[in-house]
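**Q**
Numbering (my numbering), first residue to last: 52 to 110.
(1) Rounded to whole angstroms, what's the CA-CA distance from residue 85 to residue 101? Just pull it up for me.
(2) Tell me which residues share the same chain as residue 99 and place their Cβ nearer than 6 Å to its Cβ, disregarding the 5 neighbours each side in the sequence.
(3) Helix, strand or coil for residue 97? Go by DSSP, reduced to three states.
(4) Among the candidates 83, 93 and 88, whose CA atom is the shortest distance from the CA of residue 110?
(5) Measure the C-alpha to C-alpha separation of residue 72 and residue 79 and round it to an integer number of angstroms.
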C-alpha cells in the first residue's frame, strides 16, 4: 500500500498535466474555429455570395 500512493501521485501528475494541456488546446482551437467561421461568413455576406453557399460553407 505504501508503494501505491507515490506511483499514483506520479501518474496523476504526469497524465493530469497532459490532460489539462489537451483540454486547453481543444478549447482554444474550438474558439479559434468559431472566430474564423464568423469572419468567413461576414466576408461572404458582404460580397453578396448566395445565402445557400454561405450557409453550406459555414456549417
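Every residue gets a Cβ at the ideal spot worked out from N, C-alpha and C, and that includes glycine.
**A** The structure says:
(1) Sequence index remark: in the chain shown, residue 85 carries index 34 (1-based). Sequence index remark: in the chain shown, residue 101 carries index 50 (1-based). The alpha-carbon atoms of residue 85 and residue 101 are separated by roughly 21 Å.
(2) What you label residue 99 is simply residue 48 of the chain shown in a count that begins at 1. Nothing listed; no residue qualifies.
(3) By one-based count along the chain shown, residue 97 stands at place 46. Reduced to three states, the DSSP call for residue 97 is helix.
(4) For the purposes of this step, residue 110 is identified with residue 59 of the chain shown, where counting begins at 1. Per the Cα distances, 88.
(5) Working through the chain shown from its first residue, we reach residue 72 at position 21. Working through the chain shown from its first residue, we reach residue 79 at position 28. Distance between the alpha carbons of residue 72 and residue 79 is about 11 Å.
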